[in-house]
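Read through the structure below, which is laid out as structure tokens, and then see the notes.
Protein chains in written order, with my numbering: chain A, 11 to 122; chain B, 654 to 765.
Structure below.
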């Protein structure tokens, strides 16, 4: 799986958009970008994934640059419950094996 | 119940005890996983099942014994554990192996 780089921490005011960046400059053509998050002492939660096109679901939007070397996860209206560690993972599906390599992620703190 | 459930949520056991962790997924998925998450360490994949067949076993000590009686249920049988086995044990499922994984809340295990 391609290596990813994320800032270690970010702050966001409640109600504002949280934009979490991820660099994955060595991504290959068949690798997807996945985002998960983990709230303290809970199981990880799948958020969204994409290959080339931007994606949106009820939780977030994923913006992938045209060269696919970086992406941004957007939480449009952050709430206090969005405080968590966010992980950007690049993987090529089954050929990458089954383990999720979470790395260190970005610790997002949403403040009142 | 929806999603992935795990019981018990907390477990304290002595080194000579035998106990079992249970996971159930209500998502109609074909793959199920056991992970271990120790304090300050990344997720460690332990076992993967696809359609009730074990497809990956990551050098896990024999004191951990998985069982997958059907595609909705996964057990982790524990016996003669060590204090260093204390951790959060997470179950996950995915539609197919290698696809996005949905996690349960975990079982917080303490071995005394």
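Glycine residues also receive a C-beta, built at the ideal position from the N, C-alpha and C atoms.
Where residue i falls, given that 16 or more other Cβ within 10 Å makes a residue buried
{"i": "residue 746/B", "result": "buried"}
{"i": "residue 719/B", "result": "buried"}
{"i": "residue 706/B", "result": "exposed"}
{"i": "residue 148/A", "result": "Residue 148/A lies beyond the range of chain A shown here (11 to 122); nothing can be said about it."}
{"i": "residue 704/B", "result": "exposed"}
{"i": "residue 41/A", "result": "buried"}
{"i": "residue 91/A", "result": "exposed"}
{"i": "residue 110/A", "result": "buried"}
{"i": "residue 39/A", "result": "exposed"}
{"i": "residue 750/B", "result": "buried"}
{"i": "residue 21/A", "result": "exposed"}
{"i": "residue 662/B", "result": "exposed"}
Start and end residues, beta strand (DSSP E) containing residue i
{"i": "residue 20/A", "result": "19-23"}
{"i": "residue 742/B", "result": "740-747"}
{"i": "residue 669/B", "result": "Per DSSP, residue 669/B belongs to no beta strand (DSSP E) and is neither H nor E."}
{"i": "residue 699/B", "result": "697-703"}
{"i": "residue 31/A", "result": "28-33"}
{"i": "residue 59/A", "result": "55-60"}
{"i": "residue 120/A", "result": "116-121"}
{"i": "residue 44/A", "result": "42-48"}
{"i": "residue 706/B", "result": "706-710"}
{"i": "residue 94/A", "result": "94-101"}
{"i": "residue 82/A", "result": "80-85"}
Bridge-paired residues (DSSP) for residue i
{"i": "residue 730/B", "result": "673/B, 718/B"}
{"i": "residue 764/B", "result": "666/B"}
{"i": "residue 756/B", "result": "745/B"}
{"i": "residue 689/B", "result": "697/B, 742/B"}
{"i": "residue 109/A", "result": "Residue 109/A pairs with nothing; no bridge assigned."}
{"i": "residue 678/B", "result": "657/B"}
{"i": "residue 73/A", "result": "82/A"}
{"i": "residue 67/A", "result": "Residue 67/A pairs with nothing; no bridge assigned."}
Supposed close pair residue i, residue j - CB separation, criterion 8 Å
{"i": "residue 754/B", "j": "residue 56/A", "result": "6 Å"}
{"i": "residue 117/A", "j": "residue 54/A", "result": "Contact flag wrong, Cβ pair sits at about 14 Å."}
{"i": "residue 50/A", "j": "residue 80/A", "result": "Not confirmed; about 27 Å, so no contact."}
{"i": "residue 36/A", "j": "residue 98/A", "result": "Their Cβ separation, rounded to whole angstroms, is 13 Å, which puts residue 36/A and residue 98/A out of contact at 8 Å."}
{"i": "residue 685/B", "j": "residue 721/B", "result": "6 Å"}
{"i": "residue 674/B", "j": "residue 659/B", "result": "7 Å"}
{"i": "residue 95/A", "j": "residue 115/A", "result": "4 Å"}
Cutoff 9 Å: residue i Cβ touching any chain C Cβ
{"i": "residue 101/A", "result": "Looking for chain C here will not work: the only protein chains present are A and B."}
Determine contact between the region 16-27 of chain A and the region 41-48 of chain A, defined as no fewer than three beta-carbon pairs at a distance below 8 Å.
no
Contact between the region 82-96 of chain A and the region 65-73 of chain A is defined here as three or more beta-carbon pairs at a separation below 8 Å; is this criterion met?
yes
Touch test, the region 722-740 of chain B against the region 663-671 of chain B, Cβ-Cβ under 8 Å, three pairs minimum
yes
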